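Undergrad: Quick one: the structure is below, questions incoming.
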Amino acid sequence: MQEQKRNSQVVPARRLRRFANDREDLEDLRRILMAPDRDRIAKLEGHMSPDALGKALPEAAVASQKQGEDLAWALRPTVMAAIRDAVKTEPQIFIDALVPVMGPAIRKAVTHALRSLLQQLNETLAHGLSLRGLRWRLEAARTGRPFAEIVVLRSLLYRVEQVFLVHRESGLVLHHLVAPGSPPQDPDQVAAMLSAIDAFVHDAFREEARLARFHVGELVGWVEHGPLAVLVAVVRGTAPDHYGDVLREVQERIHLQFRHDLSSFRGEVELFEQTESMLQQCLQSEMLPSANPRRSRAYSIAVLAAAVTAVVVGLAWKAHANHVEEARFQNAANTLRQEPGLMLTDAHRDGQHYAFAGLRDPLAPEPASLVGPLGVKAGAASFDFGSFYSLDPRLTERRAVRVLQPPEGVTLAVDGETLVARGSASRAWIDTARVLALALPSVSRFDMSALRNTDAERDLEVANGALASSMVLFPLGSAEIRREQRGALEYVARAALKLFSVAREMGKTAELIISGHTDARGAEGRNQSLSSERAERVVREFVALGVPAENIRTVGAGVTMVPDAETCALPSGETHRGASCARRVDFRVELGVERRPPQAAELR
Amino acid sequence: MARKKKICMLGATGVGKTSLVARFVHSIFSDAYRTTVGVTIDKTHVCVGGHEVDLVMWDLSGEDEFQSVQLAYLRGAAGYLLVADGTRRETVTTALSLQEAAVRVVGNIPLVLVLNKADASASWDIDEDLEKQLREKKWTLVKTSAKTGDGVEGAFTALTHAMLAADGLVQDDEGRR
């Protein structure tokens, strides 16, 4: 620099002027020569301005789209990077934008999944119930594969089971998809061996053509070669020819999009996970058209309807049977509950078996005999009853009959705590029953007021008859009892005592009426008093013989006729039967009902 | 990031390539492939230097007077095990010539020289001079015994390490050579 500076200082002024003139000429010359280029550069600079670029870019993008999708592929990494950056820094914008989109998308996916499930169910149902389905079932059993897999395999016209994207040079699998339900294999080993075979046949036959198809049993391998990668589809069945176009298109798109990754591939297989959506397009399948789908569907619906009906009928029958069983059980339990002498403490049902438990009075019927007529089979029910005394009136009555054993003509009834006997019985039974009745549980009173004592009635009748037919005869004008009349007097006294006793036994009152009489001779007044004396005289004798005076009433009847003189036994020394028999005392009994009858026994 | 690498087993017939692989993995293909196509494929997974690697192993049928190795199978390989039988000196020669042929197909990719049958020390045929010559090649040299399993895993690990180093994913360990 310093050298140049020094040189310029020594250049003479004349030379400098000439040099300046030369420069101007040169500049002119350059302007003339470069004029078109300068215009073009200026124009280009105009095009490069932000305004001009803003106008040109959309036009360029449209033009590029018309030619193909190269621009889209080219811009994709940049756009992706921009989106990734935006997602990181401002995620809320994306959340707001995605939420309205995600909902319908999820709904659509769910609908699709449900539709697939329904279709699968339909197919399985249709095939599962046919003769062909039976054959497939046998095949499934024989081969050990699931029935559903056999159905799918046999119903398919074709199905692409696997798609391999293989790196051409190394034979390494870049990405691999398997259709759901297809048998799994190791894709790396399969793809490598395919590459080896491809290389082998290529070298062996020295042909430029590569392995395009291979057949293995029901499988056909479709191989679509690209310059850097090979697409292999393993198809079960026969795919249509145009499936080759699908493979070719996908292969070309992968090459377009992943050309760089493929050419610099050093084992980074994760880069190729992005090919998934494209490979998915290769996983196609088509079902065999059914011989008569409508009929088949109708048949399936009919079978399904029949099955559902059978299930419904079965369930209804079961419910009905259960209802009937429950009703029978409840009926049996209620019967046992209502039966006097049984106390049901537990009742439960287990299907058709019943179990009852509680207490049973020995006089109550066997529980089994009660539920048997209700349709409960012997052995279908178990009974566990302990013993107890029931205080139920019906049981008390039953127990009274069992213990007292009433004779024919006697009935027993229980009213509260009172046992009531009705009818006619012997004195012996009544005496026993009076004691035993009060020993019965829950009986505190034995009412015999409606019970006739046949023995006492007879005794009363006899005693009454004896009294009514007896008389004591007196001498003329006297109230003295002749010696010979003493036998009659004692007989009557005994009959009276008996009658009083029986009357008391029968709950009756008895009054002995002793009537004194005279014959017609003598004054009336005297006869009246004499008749009273005679009655009183007999009373004194009776009292002396133990007859209670309070049960005796005397009557002075005066002069009366003998009602039936023929029956009068004529005393010795008497000749006039009528007069002799008129001087007498006769007897009559008046019976009444006691105010509080003694025909009831009570516990005190 | 998980990676996949294709590797090859290269060597003379009977040096024990298949036995080495069998020691390392379980194969899904039968030996019939080797006689018909000249290769069987096996796969295993290793982890070296923190890197997960799937090794897809191409076990090439051996070179002998009746058949030649299908060197086309080497294409796309990231490395190979060059296998020789330590009890048969001539297999080393075969290995060396195979290596030269391999370079013509795939270039200088990582390799590990394996001297197999190290358990048969009584009939060991590699003298110190030869071993010295081999070591001068600057290849990783591993003595293995497919019979006892000694050194087998080490051979595969060394090759994986070398391949990862070639990708610049791990430090090239000079001490291994």
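Protein chains in written order, with this note's numbering: chain A, 11 to 614; chain B, 1275 to 1451. Note that the Cβ used here is the ideal one computed from N, Cα and C, for glycine as well. Predicted model, so just to flag it, every value in this text is computed and none were measured.
What are the complete beta strand (DSSP E) segments, minimum 3 residues, inside the segment 1309 to 1351 of chain B?
TA: Here the runs fully enclosed are 1313 to 1322, 1325 to 1334.
Undergrad: Using a C-beta to C-beta distance shorter than 7 Å, which residues of chain E count as neighbours of residue 1313 of chain B?
TA: Of the protein chains in this structure, namely A and B, none is chain E.
Undergrad: Please check the pair residue 1355 of chain B and residue 1281 of chain B, which I expect to be a contact at CB under 8 Å, by giving their CB distance rounded to whole angstroms.
TA: For this step, residue 1355 of chain B is matched to residue 81 along the second sequence. For this step, residue 1281 of chain B is matched to residue 7 along the second sequence. The pair is a contact, with the Cβ atoms about 7 Å apart (cut-off 8 Å).
Undergrad: Mind checking residue 1341 of chain B: buried by the 16 CB within 10 Å criterion, or exposed?
TA: Counted from its first residue, the second sequence places residue 1341 of chain B at position 67. It is exposed - the Cβ of residue 1341 of chain B has fewer than 16 other Cβ atoms within 10 Å.
Undergrad: Nearest by alpha-carbon distance to residue 1324 of chain B: which of B/1446, B/1435, B/1440 is it?
TA: Residue 1324 of chain B sits at position 50 when you count from the first residue of the second sequence. Checked all of B/1446, B/1435, B/1440; the closest Cα to residue 1324 of chain B is B/1435.
Undergrad: Quick check on the burial criterion: 16 or more other C-beta atoms within 10 angstroms. Buried or exposed for residue 282 of chain A?
TA: Working through the first sequence from its first residue, we reach residue 282 of chain A at position 272. Buried, by the Cβ-count rule.
Undergrad: Along chain A, in chain order, which residues have C-beta atoms closer than 8 Å to that of residue 1291 of chain B?
TA: By one-based count along the second sequence, residue 1291 of chain B stands at place 17. Near residue 1291 of chain B there are no residues of chain A at all, since even the closest Cβ is about 15 Å away, more than 8 Å.
Undergrad: Give me the residue from A/541, A/168, A/611, A/293 with the minimum Cα distance to residue 247 of chain A.
TA: Taking the first residue of the first sequence as position 1, residue 247 of chain A is located at position 237. Comparing Cα-Cα distances from residue 247 of chain A to each of A/541, A/168, A/611, A/293, the minimum goes to A/168.
Undergrad: Output, in chain order, the set of chain B residues within a Cβ distance shorter than 8 Å of residue 276 of chain A.
TA: Reading the first sequence from its first residue, position 266 is the one you call residue 276 of chain A. Under the 8 Å cutoff, chain B gives 1277, 1352, 1441.
Undergrad: Can you find the residues in the same chain that come closer than 8 Å, C-beta to C-beta, to residue 353 of chain A, ignoring five residues on each side of it along the sequence?
TA: Here residue 353 of chain A corresponds to residue number 343 of the first sequence, with the count starting at 1. Taken in chain order, the residues that qualify are 368, 369, 370, 398, 400.
Undergrad: Would residue 1421 of chain B pass as a contact of residue 1393 of chain B if the rule is Cβ separation under 8 Å?
TA: Numbered from 1 along the second sequence, position 147 holds the residue referred to as residue 1421 of chain B. Numbered from 1 along the second sequence, position 119 holds the residue referred to as residue 1393 of chain B. Yes, the pair counts as a contact, with Cβ atoms nearer than the cut-off.
Undergrad: Can you tell me the Cα-Cα spacing of residue 83 of chain A and residue 259 of chain A, whole angstroms?
TA: Along the first sequence, one-based indexing puts residue 83 of chain A at 73. Along the first sequence, one-based indexing puts residue 259 of chain A at 249. Each residue's alpha carbon lies about 15 Å from the other.
Undergrad: Run through the segment 1366 to 1416 of chain B for me and flag every whole alpha helix (DSSP H) of 4 or more residues, listed as ranges in chain order.
TA: With a minimum length of 4 residues, the continuous alpha helix (DSSP H) runs that stay inside the segment 1366 to 1416 of chain B are 1402 to 1409.
Undergrad: One question on the structure: do residue 1359 of chain B and residue 1289 of chain B come within less than 8 Å of each other, judged by their Cβ atoms?
TA: Position 85 of the second sequence holds residue 1359 of chain B. Position 15 of the second sequence holds residue 1289 of chain B. Yes, Cβ-Cβ distance for residue 1359 of chain B and residue 1289 of chain B is below 8 Å.
Undergrad: Taking the alpha-carbon positions, what's the residue 1448 of chain B to residue 1439 of chain B distance?
TA: The residue labelled residue 1448 of chain B in the question sits at position 174 within the second sequence. The residue labelled residue 1439 of chain B in the question sits at position 165 within the second sequence. At residue 1448 of chain B, the pLDDT of 48 sits below 50, so the modelled position is not reliable and the matter cannot be decided from this model.
Undergrad: Is DSSP giving residue 398 of chain A helix, strand or coil here?
TA: On the first sequence, position 388 is the one that residue 398 of chain A refers to. In the structure shown, residue 398 of chain A sits in coil (DSSP, three-state: anything other than H, G, I, E or B).
Undergrad: Can you pull the chain A residues whose beta carbon is under 7 Å from the beta carbon of residue 1455 of chain B, in chain order?
TA: Since the first and last residues shown for chain B are 1275 and 1451, residue 1455 of chain B lies out of range.
Undergrad: Please name the residue, chosen from A/116, A/437, A/192, A/475, that lies closest to residue 516 of chain A on a Cα-to-Cα basis.
TA: As a working mapping, residue 516 of chain A is identified with position 506 in the first sequence. The shortest C-alpha separation from residue 516 of chain A is found at A/437.
Undergrad: Spell out whether any CB of chain A is found under 8 Å from the CB atom of residue 1349 of chain B.
TA: Counted from its first residue, the second sequence places residue 1349 of chain B at position 75. Yes, because at least one Cβ of chain A sits closer than 8 Å to the Cβ of residue 1349 of chain B.
Undergrad: Are any of the Cβ atoms in chain A nearer than 8 Å to that of residue 1449 of chain B?
TA: Here residue 1449 of chain B is taken as the residue at index 175 of the second sequence, counted from 1. Residue confidence for residue 1449 of chain B is low, a pLDDT of 43 falling below 50, so the modelled location carries little weight and cannot support an answer.
Undergrad: Fully enclosed by the segment 241 to 310 of chain A, which beta strand (DSSP E) runs are 3 residues long or longer?
TA: Segments of the beta strand (DSSP E) lying fully in the segment 241 to 310 of chain A: 295 to 297.
Undergrad: Relative to the alpha-carbon of residue 473 of chain A, which residue among A/504, A/423, A/232, A/596 has its alpha-carbon at the smallest distance?
TA: Residue numbering aside, residue 473 of chain A sits at position 463 when the first sequence is read from its first letter. Ranking A/504, A/423, A/232, A/596 by Cα distance to residue 473 of chain A puts A/504 first.
Undergrad: For residue 531 of chain A, which of A/525, A/589, A/561 has the nearest alpha-carbon?
TA: Your numbering for residue 531 of chain A matches position 521 in the first sequence. Residue A/589 is the option with its Cα nearest to residue 531 of chain A.
Undergrad: With three or more C-beta pairs closer than 8 Å as the rule, is the segment 446 to 456 of chain A touching the segment 425 to 433 of chain A?
TA: Yes, the segment 425 to 433 of chain A touches the segment 446 to 456 of chain A.
Undergrad: Under 8 Å, do residue 569 of chain A and residue 596 of chain A count as touching if we go by C-beta distance?
TA: Here residue 569 of chain A corresponds to residue number 559 of the first sequence, with the count starting at 1. Here residue 596 of chain A corresponds to residue number 586 of the first sequence, with the count starting at 1. It is not a contact, given that the beta carbons lie outside the stated cut-off.
Undergrad: Give the secondary structure of residue 1298 of chain B by DSSP, where H, G and I count as helix, E and B as strand, and everything else as coil.
TA: Mapped onto the second sequence, residue 1298 of chain B falls at position 24. Residue 1298 of chain B falls in the helix class under three-state DSSP.
Undergrad: CB-CB under 7 Å to residue 496 of chain A, same chain, minus the five flanking residues each way: which ones, in chain order?
TA: Here the question's residue 496 of chain A lines up with position 486 in the first sequence. So no residue of the chain qualifies.
Undergrad: Give a yes or no on whether the minimum CB-CB distance between residue 271 of chain A and chain B is below 8 Å.
TA: Locating residue 271 of chain A in the first sequence gives position 261, where the first residue counts as 1. No, no contact with chain B.
Undergrad: Compute every distance between the C-beta of residue 1381 of chain B and the non-hydrogen atoms of the ligand FMN, then say whether any falls below 7 Å.
TA: Absent from the structure shown: the ligand FMN. Ligands present: none.
Undergrad: In terms of residues, what are the limits of the alpha helix (DSSP H) holding residue 560 of chain A?
TA: Taking the first residue of the first sequence as 1, we reach residue 560 of chain A at position 550. Per DSSP, residue 560 of chain A belongs to no alpha helix (DSSP H) and is neither H nor E.
Undergrad: According to the neighbour-count rule (16 or more other Cβ atoms, all chains shown, within 10 Å of its Cβ), is residue 377 of chain A buried or exposed?
TA: Counting from 1 along the first sequence, the entry for residue 377 of chain A is found at position 367. So residue 377 of chain A counts as buried.
Undergrad: In chain A, which residues lie with their C-beta within 8 Å of the C-beta of residue 1280 of chain B?
TA: In the second sequence, residue 1280 of chain B corresponds to position 6, counting from 1. In chain order: 180, 181, 182, 202.
Undergrad: Which class does residue 172 of chain A belong to by DSSP, given the choice of helix, strand or coil?
TA: Position 162 of the first sequence holds residue 172 of chain A. Strand.
Undergrad: Determine the contact status of residue 408 of chain A and residue 373 of chain A, defining contact as a CB-CB distance below 8 Å.
TA: For the purposes of this step, residue 408 of chain A is identified with residue 398 of the first sequence, where counting begins at 1. For the purposes of this step, residue 373 of chain A is identified with residue 363 of the first sequence, where counting begins at 1. It is a contact, given that the beta carbons lie within the stated cut-off.
Undergrad: Do you know whose CA, among B/1428, B/1412, B/1352, B/1363, lies nearest residue 1383 of chain B's CA?
TA: Here residue 1383 of chain B corresponds to residue number 109 of the second sequence, with the count starting at 1. Looking at the Cα atoms, B/1352 is the closest of the given residues.
Undergrad: What whole-angstrom Cβ distance do residue 1331 of chain B and residue 1379 of chain B have, given they're in contact under 8 Å?
TA: Here residue 1331 of chain B corresponds to residue number 57 of the second sequence, with the count starting at 1. Here residue 1379 of chain B corresponds to residue number 105 of the second sequence, with the count starting at 1. Actually they are not in contact, since the Cβ atoms of residue 1331 of chain B and residue 1379 of chain B sit about 18 Å apart, beyond 8 Å.
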